[in-house]
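Enquirer:
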Amino acid sequence: MRIYQTPAFVEQLWQKYLWKVCTEEHQKSLFLTFDDGPIPVLTEYVLDTLQEFEAKATFFCVGDNVRKHPEIFQRISSEGHQTGNHTYHHLNSYNTKTADYLKDIQECEKVLAQNHLTLPQKSPTLPLFRPPYGRLRQRAANILHSQYQIVMWSVLTYDFDQNLRPEVCYQKAKAATQDGAIIVFHDNWKAERNLRYTLPRYLAHFAQKGYKFKTL
Ligand SMILES: [Zn+2]
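Residue 320 in my numbering sits at position 58 of the sequence shown, and the numbers go up by one each step.
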């Protein structure tokens, strides 16, 4: 079963994670996030599309991809988007020793810092981290809480699911979106077909309704 909208009880169980943004000061705002890049072509497609709608977003980058494609990472940050840490090797916390997992995050943080041409966008006091697969062992979480704002999501598009039809991906993502939502897309090849279909339509739909797309 695909759960597009994060249930309230999940958010309540893990209140220290960021699931959505309080809309009192951010009315009609949406917070798009892109995981797993930066990669050539597809991340550049995302940046071009965001530019068309004057949209800002947050990119959770894999350190090894930043190392391979620093110029694309630099384009992300120089165009006013936010960046966050998504580990160096896209590790699954459940299959990784906590010490190794934390080291991998540090390695990613290092390559992000080395490649920021400008200062990172203003962030909520702490740098941002999103655990790959949304999985984070409690032991790792306890340590990371003081160092990072851990960001989850309220809307998962399932763009990476190659059995999901693009039309369905778009309709479900649209229907699950509420004011202040944090939405997950992926700039990875598995997601390409759904991303290219959904992203421009999603942006057009909510821009037309008066929404702004902001960084976290
Ligand atoms: Zn990921």
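Using N, Cα and C, we set each Cβ at its ideal position, and we do this for glycine too.
Tell me which residue opens and which closes the alpha helix (DSSP H) that Asp-362 is part of.
Expert: Here the alpha helix (DSSP H) through Asp-362 covers 360 to 377.
Enquirer: Could you pull out every unbroken beta strand (DSSP E) segment of at least 3 residues lying fully inside the segment 281 to 316, listed in chain order?
Expert: If we require 3 residues or more, the beta strand (DSSP E) runs fully inside the segment 281 to 316 come out as 291 to 297.
Enquirer: Can you list the alpha helix (DSSP H) stretches of 4 or more residues lying completely in the segment 422 to 458, in chain order?
Expert: With a minimum length of 4 residues, the continuous alpha helix (DSSP H) runs that stay inside the segment 422 to 458 are 428 to 438.
Enquirer: In chain order, what are the residues with a CB under 6 Å from some non-hydrogen atom of ligand 1?
Expert: Answer in sequence order: Asp-297, Asp-298, His-348, His-352 and Pro-394.
Enquirer: Using the three-state DSSP reduction, which class does Val-324 fall into: helix, strand or coil?
Expert: Coil at Val-324, not helix or strand.
Enquirer: At a cut of 8 Å, does the segment 419 to 434 reach the segment 281 to 289 through at least three beta carbon pairs?
Expert: Contact between the segment 419 to 434 and the segment 281 to 289 is absent, because fewer than three Cβ pairs lie under 8 Å.
Enquirer: So, is Tyr-473 buried or exposed, given that buried needs 16 or more other C-beta atoms within 10 angstroms?
Expert: With 16 or more other Cβ atoms within 10 Å, it is buried.
Enquirer: If you drop the 5 nearest sequence neighbours on each side, which residues of the same chain put their C-beta closer than 7 Å to that of Tyr-464?
Expert: Excluding sequence neighbours, Tyr-464 sits near Tyr-432, Ala-435 and Lys-436.
Enquirer: Can you name the residues that DSSP bridges to Ile-412?
Expert: Answer is Phe-391, bridged to Ile-412.
Enquirer: Note down, in chain order, each residue of its chain lying with its Cβ closer than 7 Å to the Cβ of Glu-369, except the 5 sequence neighbours on either side.
Expert: Excluding sequence neighbours, Glu-369 sits near Gly-325 and Tyr-350.
Enquirer: Starting from Asn-347, follow the beta strand (DSSP E) in both directions and report where the run begins and ends.
Expert: Note, Asn-347: beta strand (DSSP E), 344 to 347.
Enquirer: Candidates Lys-318, Arg-329 and Gln-277: which alpha carbon is nearest His-378's?
Expert: Of Lys-318, Arg-329 and Gln-277, the residue nearest in Cα terms is Arg-329.
Enquirer: Would Phe-322 and Thr-295 qualify as a contact pair, given that the criterion is a beta-carbon distance under 8 Å?
Expert: Going by C-beta atoms, Phe-322 is nearer than 8 Å to Thr-295.
Enquirer: Please classify Gln-277: does DSSP put it in a helix, a strand, or coil?
Expert: DSSP places Gln-277 in coil when its eight states are reduced to three.
Enquirer: Along the chain, where does the alpha helix (DSSP H) that runs through Glu-333 open and close?
Expert: Here the alpha helix (DSSP H) through Glu-333 covers 332 to 340.
Enquirer: Return the first residue and the last residue of the alpha helix (DSSP H) that Gln-400 is part of.
Expert: 400 to 406 is the span of the alpha helix (DSSP H), which, as asked, contains Gln-400.
Enquirer: Output the distance between the C-alpha atoms of Phe-468 and Glu-333, rounded to the nearest integer angstrom.
Expert: When rounded, the distance between both Cα atoms is 30 Å.
Enquirer: Candidates His-448, Gln-376 and Pro-300: which alpha carbon is nearest Phe-422's?
Expert: Checked all of His-448, Gln-376 and Pro-300; the closest Cα to Phe-422 is His-448.
Enquirer: Quick check: what's the CA-CA separation for Asp-298 versus Pro-393?
Expert: Each residue's Cα considered, the two are about 11 Å apart.
Enquirer: Please list, in chain order, all residues of the same chain as Ile-405 whose beta carbon is under 7 Å from its beta carbon, the five residues on each side excluded.
Expert: Only Leu-364 meet the Cβ criterion.
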